[in-house]
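Asks: Going down the list, the protein sequences come from chains A and B. Under this note's numbering, the residues of the first sequence are numbered 67 to 381, in order. Under this note's numbering, the residues of the second sequence are numbered 67 to 381, in order. Beta carbons are placed, not taken as given, at the ideal position from N, Cα and C, and that holds for glycine.
There are 2 protein chains.
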Amino acid sequence: MERKVDRYCFGADIGGTTIKLGLFTPGGEVIKKWEIPTRKEDSGAYILKDIADSIMNEMDERKLTKDNIIGIGVGAPGPVDRDGVIYKAVNLGWGVLNLRQELNDLTGLPVRAGNDANVAALGEMWKGGGEGFKDVIVITLGTGVGGGVIIDGKVVTGSMGGGGEIGHIHMNDDEVEKCGCGNKGCLEQYTSATGVVRLANRRLKADDKASVLRGRDFDAKVVWDAVKEGDELAVEVAEQFGEYLGKGLAILGDVTNPEVFVIGGGVSKAGSILIDYVQKYYKKYVFHASADAKFKLAQLGNDAGIYGAAKLVLE
Amino acid sequence: MERKVDRYCFGADIGGTTIKLGLFTPGGEVIKKWEIPTRKEDSGAYILKDIADSIMNEMDERKLTKDNIIGIGVGAPGPVDRDGVIYKAVNLGWGVLNLRQELNDLTGLPVRAGNDANVAALGEMWKGGGEGFKDVIVITLGTGVGGGVIIDGKVVTGSMGGGGEIGHIHMNDDEVEKCGCGNKGCLEQYTSATGVVRLANRRLKADDKASVLRGRDFDAKVVWDAVKEGDELAVEVAEQFGEYLGKGLAILGDVTNPEVFVIGGGVSKAGSILIDYVQKYYKKYVFHASADAKFKLAQLGNDAGIYGAAKLVLE
Chain A
67 MERKVDRYCF GADIGGTTIK LGLFTPGGEV IKKWEIPTRK EDSGAYILKD IADSIMNEMD
127 ERKLTKDNII GIGVGAPGPV DRDGVIYKAV NLGWGVLNLR QELNDLTGLP VRAGNDANVA
187 ALGEMWKGGG EGFKDVIVIT LGTGVGGGVI IDGKVVTGSM GGGGEIGHIH MNDDEVEKCG
247 CGNKGCLEQY TSATGVVRLA NRRLKADDKA SVLRGRDFDA KVVWDAVKEG DELAVEVAEQ
307 FGEYLGKGLA ILGDVTNPEV FVIGGGVSKA GSILIDYVQK YYKKYVFHAS ADAKFKLAQL
367 GNDAGIYGAA KLVLE
Chain B
67 MERKVDRYCF GADIGGTTIK LGLFTPGGEV IKKWEIPTRK EDSGAYILKD IADSIMNEMD
127 ERKLTKDNII GIGVGAPGPV DRDGVIYKAV NLGWGVLNLR QELNDLTGLP VRAGNDANVA
187 ALGEMWKGGG EGFKDVIVIT LGTGVGGGVI IDGKVVTGSM GGGGEIGHIH MNDDEVEKCG
247 CGNKGCLEQY TSATGVVRLA NRRLKADDKA SVLRGRDFDA KVVWDAVKEG DELAVEVAEQ
307 FGEYLGKGLA ILGDVTNPEV FVIGGGVSKA GSILIDYVQK YYKKYVFHAS ADAKFKLAQL
367 GNDAGIYGAA KLVLE
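1) For a cutoff of 8 Å on Cβ pairs, would you count residue 235 of chain A as touching chain B?
2) Can you list, in chain order, the residues of its chain with a C-beta nearer than 8 Å to that of residue 154 of chain A? Leave out the 5 residues immediately preceding and following it.
3) Entirely within the segment 168-197 of chain A and at least 4 residues each: give me those alpha helix (DSSP H) ranges in chain order.
4) Who are the near neighbours of residue 84 of chain A in its chain, counting only those whose CB is closer than 8 Å to its CB and skipping five residues on each side?
5) I'd like to know whether the C-beta of residue 104 of chain B is nearer than 8 Å to at least one C-beta of chain A.
6) What does residue 226 of chain B reach in chain A if we use C-beta pairs closer than 7 Å?
7) Would you say residue 230 of chain B faces chain A, with C-beta separation under 8 Å as the test?
8) So residue 205 of chain A and residue 213 of chain A are supposed to be a Cβ contact under 8 Å. How far apart are they, rounded?
9) Tell me the residue span of the alpha helix (DSSP H) that contains residue 260 of chain B.
10) Tell me the DSSP secondary structure of residue 343 of chain B in three-state form.
11) Does the segment 295-310 of chain A come close enough to the segment 249-263 of chain A to have 3 or more Cβ pairs within less than 8 Å?
12) My output table needs one value for residue 147 of chain B: the three-state DSSP class, helix, strand or coil.
13) Which residues in chain B have a C-beta closer than 8 Å to the C-beta of residue 215 of chain A? List them in chain order.
14) If I'm right that residue 202 of chain A touches residue 328 of chain A with Cβ under 8 Å, what's the distance once you round it to whole angstroms?
15) Distance cutoff 8 Å, beta carbons only. Does residue 351 of chain B sit that close to anything in chain A?
16) Between the Cα of residue 296 of chain A and the Cα atoms of A:223, A:339, A:188, A:378, which residue gives the shortest distance?
17) Roughly how far, in whole angstroms, is the beta-carbon of residue 139 of chain A from the beta-carbon of residue 288 of chain A, given that I think they are within contact range, below 8 Å?
18) Leaving out five residues before and five after residue 99 of chain A in sequence, what residues of the same chain have Cβ atoms less than 8 Å from its Cβ?
19) Quick check: what's the CA-CA separation for residue 260 of chain B versus residue 113 of chain A?
20) Note down the Cα distance separating residue 200 of chain A from residue 224 of chain A, rounded to an integer number of angstroms.
21) Residue 283 of chain B to residue 263 of chain B, Cα distance in whole Å?
22) Of all the CB atoms in chain B, is at least one closer than 8 Å to the CB of residue 222 of chain A?
23) Going by C-alpha distance, which of A:176, A:198, A:197, A:215 is nearest residue 182 of chain A?
24) Interface residues of chain B around residue 157 of chain A at Cβ under 7 Å?
25) Helix, strand or coil: which one does DSSP assign to residue 383 of chain A?
26) Drop a sphere of 10 angstroms on the beta-carbon of residue 376 of chain B, count the other beta-carbons inside from all chains shown, and report buried for 16 or more, exposed for fewer.
27) Using the Cα positions of residue 238 of chain A and residue 250 of chain A, report the straight-line distance between them to the nearest angstrom.
28) What separation, rounded to the nearest whole angstrom, lies between the Cα atoms of residue 357 of chain B and residue 275 of chain B?
29) Where residue 364 of chain B and residue 130 of chain A are concerned, what is the direct C-alpha to C-alpha distance, given to the nearest angstrom?
30) For residue 160 of chain B, write down the residues that DSSP places opposite it in a beta bridge.
31) Are any of the Cβ atoms in chain B nearer than 8 Å to that of residue 75 of chain A?
32) Under 7 Å, CB to CB, which of the residues in the segment 182-208 of chain B have a partner in chain A?
33) Considering only the alpha carbon of each residue, which of B:80, B:315, B:334 lies closest to residue 106 of chain B?
34) Nearest-angstrom Cα distance between residue 321 of chain B and residue 354 of chain B?
35) Alpha carbon to alpha carbon, what distance is there between residue 135 of chain B and residue 186 of chain B?
36) In terms of residues, what are the limits of the beta strand (DSSP E) holding residue 305 of chain B?
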């Protein structure tokens, strides 16, 4: 008689400073989450070894064998193709590296790998703002703007791991400042944390209109707080923000016809008021077939990456 | 001993005037193609019956039984979801209709259905300009602008069959004329056959610059012929066209990271010179990860629909 064993999966989210790790049930319950430092010395040569050691140590402590583990999913900061090869991770010092093969060699466990932003999007679909849907676009408004496009439950990886670069869609022909990517007028330049500040500073310089933002330092949170207080100038900034993001998401909606957009990242902490501004312009610009897409806030915060990584091995 | 039977599939492409039909081998060889009229009377009540009769008649003549037929694929002019339900086909008089179920009831054969533009895109991937690739964006520049996004070999249908509406992505905030969809500034308004004429007429009105286009009627072909002859004003129009389409495709490239863009439809008969203008601006606006996507011309013309429909049942 065959005895049924408990089965689990690991998710690893590799960041520039720390690697987040999680042990999950196949149903998406997190058993444990923890972090280890990202050792970037020697071109990141120890990163996968550290992950393997930490996971195998966790298995030992819990008396789990390979039979108990479905696999390890990994999110990494760079383009990762469908075979688990990362092409470059500047932050980690990596060049081309077969994450799936290398981590499999180190652990003997099945491995799946993806781009960190795409993997986090998958996490939000699985157990976050997109739970219950399978056609989902996740957009993360943080220091940069990233995200992932999920179609019929699968992340759009792209032919060379370059799918989901939502932050770098071109939105403004008149932009004079360069984006970090080298182009001018990327969505990220107006909707990231610094993008919101850029919009506010430009609005402040345009004339002398009174505003609580005038004559002080501020970040994106302060701008959104001013919007909530009804500061007229801040509200104009929110309209601009909503128009950029709503227009960009409308284009993605036309092409992929999602059920739901999930908005996350630090800027999204502004909450539902942010969605109101985005959805207003989304509806203005989108083709009617996709006008009814829902808008939701992300729910998993920084844990989205480990959730999505774990989900990768369940597919 | 089991005797191997020859296997075939049918593709049907339902247009407003005619229904194109084809009999294919699973390898994509066309055995026969023919057309029947589209009978739109009584809200299109006879269309599926006519298709079924024509196909079963063809089977009888060739002494093919159900064992020989893998299935029937159908492309229809409206949003079709993953289950083969079409939500509306204004041109045919149809409301909501389960194409898969109804045609299966009529023939006893497996049926798959999709939106006609998406299905034609699949055809181009299978045996046209995108042959050999599986991450393909097809854009068709005709009376309107349509297309399909193919990811890992599958068409992006969208949650409600509204995927691939490439013609209606918003490209111009300053547009004053309305697109057929009701919005203003859609890609279609500048890159369809009438779109090219619109750009040329606007350029002609801007000043008195000499041009072979001045003082005469012209269509998109005449404009492109003038571009090839080096007419300076026409070349400026080609640059504008290239900027609109290149910028739009760059956004799609950022999000889906395709291997190849395939450009079809009447306007694309201009040939490789059209691709040169589009690719120039594509490279200007796209995120570097997707800069190396190839550009090719569509090859199947009006047969793309029956090819793609046949391919639907092979998936």
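Replies: Walking through what the data contain:
1) Chain B contact via Cβ: present.
2) 144, 145, 160, 161, 162
3) 182-193
4) Excluding positions up to five away in sequence, the list reads 101, 102, 103, 104.
5) no
6) Neighbours of residue 226 of chain B on chain A, chain order: 323, 355.
7) yes
8) 4 Å
9) 259-272
10) helix
11) yes
12) coil
13) 321, 322
14) Right, their Cβ atoms sit about 6 Å apart.
15) By this cut-off, residue 351 of chain B is an interface position.
16) A:339
17) With 8 Å as the limit, residue 139 of chain A and residue 288 of chain A do not qualify as a contact, their Cβ atoms being about 37 Å apart.
18) Closer than 8 Å at Cβ, skipping near neighbours: 86, 87, 88, 89, 369, 372.
19) Cα to Cα, the separation comes out at about 56 Å.
20) 18 Å
21) 10 Å
22) yes
23) A:215
24) Going along chain B, no residue has its Cβ under 7 Å from residue 157 of chain A, so there is no contact; the nearest lies around 16 Å.
25) The first residue shown for chain A is 67 and the last is 381, placing residue 383 of chain A beyond what the model contains.
26) buried
27) In a straight line, the C-alpha of residue 238 of chain A is about 8 Å away from that of residue 250 of chain A.
28) 35 Å
29) 54 Å
30) Per the DSSP secondary-structure output, residue 160 of chain B pairs in a beta bridge with B:155.
31) no
32) 201
33) B:80
34) 12 Å
35) Rounded to the nearest whole angstrom, the C-alpha separation of residue 186 of chain B and residue 135 of chain B is 21 Å.
36) Taken as a continuous stretch (DSSP letters only), residue 305 of chain B belongs to no beta strand (DSSP E), being part of the alpha helix (DSSP H) at 298-322.
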